[in-house]
Each structure stands twice: as C-alpha cells, then as structure tokens.
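A.B. asks:
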Amino acid sequence: MLNIKTTKLFWASCLALLVTSLSFGIRAGMMNQLGIDFQLNASQLGTITATAFWGFPLAIVIGGFVVDLIGMKRLLVMAFIFHLAGIVLTIFAQGYWTLFLSTLLIGIANGTVEAACNPLVAALYPENKTTRLNHFHLWFPGGIVIGTLLVTFFVHLGIGWKLQVAMMLIPTLIYGYLFSKLEFPVTERVSSGYSNKDMYKAVLSPLFIFMFICMFGTAITELFTGQWIGLLLKNVTDNAILLLTLTTGIMVIGRGFAEPVVQRLAPQGVLLLSAIFAAAGLYMLSTFTGNAVFFAAVIFGIGVCYFWPTMIGFVAENIPKSGALGLNLMGGAGMFAVSIYTIFMGSFYDNLIVKHLPSAGTASEQALAEAKKLAGPEILQATLVIPIALILAFGGLVVYMRSKKRTAVLDS
Numbered sequence: 008m009l010n011i012k013t014t015k016l017f018w019a020s021c022l023a024l025l026v027t028s029l030s031f032g033i034r035a036g037m038m039n040q041l042g043i044d045f046q047l048n049a050s051q052l053g054t055i056t057a058t059a060f061w062g063f064p065l066a067i068v069i070g071g072f073v074v075d076l077i078g079m080k081r082l083l084v085m086a087f088i089f090h091l092a093g094i095v096l097t098i099f100a101q102g103y104w105t106l107f108l109s110t111l112l113i114g115i116a117n118g119t120v121e122a123a124c125n126p127l128v129a130a131l132y133p134e135n136k137t138t139r140l141n142h143f144h145l146w147f148p149g150g151i152v153i154g155t156l157l158v159t160f161f162v163h164l165g166i167g168w169k170l171q172v173a174m175m176l177i178p179t180l181i182y183g184y185l186f187s188k189l190e191f192p193v194t195e196r197v198s199s200g201y202s203n204k205d206m207y208k209a210v211l212s213p214l215f216i217f218m219f220i221c222m223f224g225t226a227i228t229e230l231f232t233g234q235w236i237g238l239l240l241k242n243v244t245d246n247a248i249l250l251l252t253l254t255t256g257i258m259v260i261g262r263g264f265a266e267p268v269v270q271r272l273a274p275q276g277v278l279l280l281s282a283i284f285a286a287a288g289l290y291m292l293s294t295f296t297g298n299a300v301f302f303a304a305v306i307f308g309i310g311v312c313y314f315w316p317t318m319i320g321f322v323a324e325n326i327p328k329s330g331a332l333g334l335n336l337m338g339g340a341g342m343f344a345v346s347i348y349t350i351f352m353g354s355f356y357d358n359l360i361v362k363h364l365p366s367a368g369t370a371s372e373q374a375l376a377e378a379k380k381l382a383g384p385e386i387l388q389a390t391l392v393i394p395i396a397l398i399l400a401f402g403g404l405v406v407y408m409r410s411k412k413r414t415a416v417l418d419s
C-alpha cells in the first residue's frame with residue numbers, strides 16, 4: 008500500500024476517534040441543560056449517560072469477532088451510520104427515550120470505531136504498533152478537551168446544546184467520506200496466515216489472560232478517576248474541573264511524544280513506570296489540598312496517559328496471533344470494568360457521605376458539604392489499591408519479558 012494511502016487511513020481513523028471523544032466531552036457539558044429542557048431527574052440522566060458505556064463494550068467485542076470476516080471498511084461504514092443516526096436523533100430528541108436511544112447508538116458507534124481502528128493502525132504500522140496506537144489514542148483525550156472548550160465557548164455565546172451536538176457532524180461526514188473512498192488492507196492476522204484456531208488459542212494463553220485482567224485495573228485507574236475527579240474533589244478545590252482538563256492535556260502531550268519513551272523502555276517498561284506514577288498521583292490527589300492538588304494532577308496525568316494504548320500495543324506486538332479479536336477484547340474489558348466499578352463506587356460514595364453526616368437530626372448544607380469533602384478523597388484512597396497491585400503485576404511482566412528475551416537469544 009502506498010504511503011499516502013496509509014497516512015490518509017490513519018488520519019481518517021483519528022477523525023473517527025475524535026467524534027467518539029467529542030461525544031463524551033459535549034454530552035458531559037450539556038447534561039444539566041438536558042435535565043432542565045426535558046424535565047429529567049438525576050437517575051434518568053445517569054441512565055442516559057451509562058448507555059454510552061454499555062454500547063461501547065458490546066460493539067467492540069462483537070466487532071472483534073466479525074472484523075476479519077467482513078473487513079475493517081464495512082465495520083467503519085457501520086460506525087459512520089450509527090454516529091450519524093445517533094447525532095441526528097439527539098438533535099431532534101423529544102424526551103427520555105429518544106435521548107436514551109440516541110446515546111446508545113453513539114455508544115455502539117464509538118465501540119465500532121475502536122473495533123476497526125485498533126487493528127487497522129496495527130496493520131498499517133506493523134513495525135511501530137505501540138507508538139502509532141499512542142498517537143491514534145491521543146485523539147480521545149484531545150477530543151474531550153476540544154469538546155469541553157467548545158461547550159464552554161458556546162454557552163458563553165448563548166448558543167444552545169443542539170448546535171453543540173451538530174458540530175459533531177463535521178468530522179463525522181469527513182471520516183465517512185474518506186473511509187468510503189480509501190482502499191483498506193486486510194487485518195494483520197489474516198495477512199500473516201494465522202487461523203481461527205491460532206487466534207482462539209492465543210486469547211486463551213496465560214499471557215493474554217494476564218493482560219486482560221490487568222486491563223481492568225489500568226482502565227479503572229484512568230477512566231474512573233478522570234470522570235469522577237470533578238465530583239470527588241469539588242469541595243477540596245474551587246477549580247476541580249480544571250484538574251480533568253490538566254490531566255487530559257498531559258495525556259495528549261504524553262501520547263504525542265510516545266515514540267522515544269516506548270523505544271527506550273519497551274511497552275512493559277512503560278506500563279510499570281505508568282503504574283508507579285499513577286499510584287503516586289492518586290495518593291497525592293487524595294491527600295494534597297489547595298494548589299498542590301494541581302501538581303498531583305500532573306503526576307497522575309503522566310501515570311495514566313500511556314495505559315490504554317500501550318496495553319493494546321503490548322498485545323499487538325507480543326501476542327499477534329490473537330489478532331483483532333485480542334485487541335478488541337482488551338478494549339471491551341477496560342470499558343466494561345469501568346462501568347461496573349462506577350456503579351459499585353457510586354454506592355460506596357453515598358454510604359461514606361452518610362457515615363460522615365451528623366448522626367442526629369437533619370443534615371445542613373454545610374454538614375453535607377463537609378461530608379462530601381471527607382468522602383471524595385476516601386474514594387480515591389480506596390481506588391489506590393488498584394495501581395499498587397499493577398506495580399507488582401507489571402514488575403513481574405518486565406522480569407518475565409527479560410527472561411523470555413534472554414532465552415530467545417540463547418536458543419539462537
């Protein structure tokens with residue numbers, strides 16, 4: 008395939024991922040207004056938000072099973088149709104059920120994009136998978152930054168949420184057009200001649216199962232903390248939402264300069280260092296106060312920025328027989344783990360607030376604020392167990408990969 012075709016396919020993939028992240032950023036910024044316009048309560052808004060997380064793992068796992076059969080191009084045409092339908096249905100929503108369906112369609116589209124684009128990037132750059140996957144995935148935090156800034160700007164101008172959502176049509180139509188015109192390679196597993204039996208054997212191998220389980224932890228550490236940081240620390244600092252902007256910005260920069268880091272440390276070394284920084288950052292976020300919290304956010308951002316793409320890159324490089332199914336099972340595992348953990352920790356957070364309220368009488372607003380101030384950092388401290396466990400797991404992975412490399416050298 009000509010280099011210009013490779014470049015066009017890569018940038019079209021980035022645009023598709025940009026739509027995915029814009030949907031998160033823009034929807035997060037307009038949920039309060041949706042509640043007012045359609046008279047929805049917090050439970051209904053929470054259910055609408057959650058549908059995006061249900062649609063994503065469903066689509067990415069199913070896509071992993073069928074992408075070798077139908078090809079990446081057909082899968083991305085389906086993603087385009089789902090995105091287009093979901094965006095248009097959101098713009099013309101009439102109430103709870105149309106918002107529910109539109110969010111589900113966008114969630115399915117988001118999962119379908121990753122189901123096709125992760126193996127596409129791996130196939131386009133077989134000698135540089137982890138670095139290119141980091142470059143591709145920088146558009147997820149990048150799109151969230153763009154989306155939140157866009158919402159803030161439009162709200163300042165008094166422009167409604169419908170036009171905000173409509174802005175997503177621009178990159179959607181561009182990526183749909185590009186993918187319809189471009190020629191796609193086959194997936195790497197197909198081009199390498201690995202059979203379905205080889206693929207299923209690879210995803211049942213001890214190394215893949217180990218990485219699959221670790222994906223639960225890396226995804227929760229990154230996405231749960233990122234999504235909840237404003238809520239958990241809003242009573243600790245007056246600029247809690249800026250913490251998310253700061254960590255997301257660090258992720259964009261880190262993934263953009265991934266190449267020297269990956270080359271110097273190898274994927275397993277990057278994962279170990281990431282777990283160390285993530286644990287340190289999470290501990291700092293749960294204990295620091297005032298402006299020091301922003302330093303903690305930088306450390307945490309450095310920690311989580313490489314997690315998602317490097318996990319997928321490690322599998323692509325070291326378990327190539329797992330193919331597109333292996334990459335997409337990893338992504339599905341991560342998003343599924345976040346959705347389950349969020350439900351569990353939401354209940355835990357409510358219980359902690361109750362525990363910190365005065366035992367007698369009706370709690371005042373001041374007492375409730377103080378209870379939330381104490382409960383937020385406790386949630387982060389409970390989550391800290393996960394990156395600490397990952398330090399041990401990835402430390403073992405580094406030792407294992409070194410011994411494997413040493414054995415290969417001796418055998419040769």
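Residue numbers for the sequence shown follow our numbering, beginning at 8 and rising by one. The C-beta atom is built at its ideal place from N, Cα and C for all residues, glycine as well.
Rounded to a whole number of angstroms, what is the C-alpha to C-alpha distance between residue 61 and residue 51?
C.D. replies: 15 Å
A.B. asks: Is DSSP giving residue 365 helix, strand or coil here?
C.D. replies: coil
A.B. asks: Excluding the 5 residues flanking residue 405 on each side, which residues of the same chain have their C-beta closer than 8 Å to its C-beta?
C.D. replies: 275, 276 and 279
A.B. asks: Hey, which unbroken runs of the alpha helix (DSSP H) at 4 residues or more fall wholly within the region 81-136?
C.D. replies: 103-131
A.B. asks: Give me the Cα-Cα distance between residue 418 and residue 382, rounded to the nearest whole angstrom.
C.D. replies: If you take the alpha carbons of residue 418 and residue 382, they lie about 55 Å apart.
A.B. asks: Please list, in chain order, all residues of the same chain as residue 132 whose beta carbon is under 6 Å from its beta carbon, the five residues on each side excluded.
C.D. replies: 139
A.B. asks: Are the Cβ atoms of residue 79 and residue 194 separated by less than 8 Å?
C.D. replies: yes
A.B. asks: What three-state label does DSSP hand residue 21 in the structure shown?
C.D. replies: Helix.
A.B. asks: Considering only the beta carbon of each residue, do residue 336 and residue 71 sit closer than 8 Å?
C.D. replies: Cβ distance < 8 Å, so residue 336 and residue 71 count as in contact.
A.B. asks: Would a C-beta distance cut-off of 8 Å place residue 322 and residue 308 closer than the cut-off?
C.D. replies: no
A.B. asks: With DSSP as the reference, label residue 298 as helix, strand or coil.
C.D. replies: coil
A.B. asks: Would you please state the rounded distance, in angstroms, between the beta carbons of residue 286 and residue 395? I believe it to be under 8 Å.
C.D. replies: 5 Å
A.B. asks: Whole angstroms are fine: how far does the CA of residue 77 sit from the CA of residue 145?
C.D. replies: 27 Å
A.B. asks: Does the region 84-104 come close enough to the region 346-360 to have 3 or more Cβ pairs within less than 8 Å?
C.D. replies: Under the Cβ criterion (8 Å, minimum of three pairs), the region 84-104 does not count as touching the region 346-360.
A.B. asks: Does residue 166 come out as helix, strand or coil in the three-state DSSP assignment?
C.D. replies: coil
A.B. asks: If you count every other CB in all the chains shown that lies within 10 Å of the CB of residue 142, and 16 or more means buried, which is it?
C.D. replies: buried
A.B. asks: So, using beta-carbon positions, are residue 110 and residue 172 closer together than 8 Å?
C.D. replies: no
A.B. asks: Closest to residue 58 by CA distance: which of 17, 25 and 116 is it?
C.D. replies: 116
A.B. asks: Measure the Cβ-Cβ separation of residue 175 and residue 20 and say whether it is below 8 Å.
C.D. replies: no
A.B. asks: Could you compute how far the alpha carbon of residue 127 sits from the alpha carbon of residue 347?
C.D. replies: 29 Å
A.B. asks: Would you mind giving the Cβ-Cβ distance between residue 166 and residue 283, rounded to the nearest angstrom? I have them listed as a contact below 8 Å.
C.D. replies: Not really, about 43 Å apart at Cβ, beyond 8 Å.
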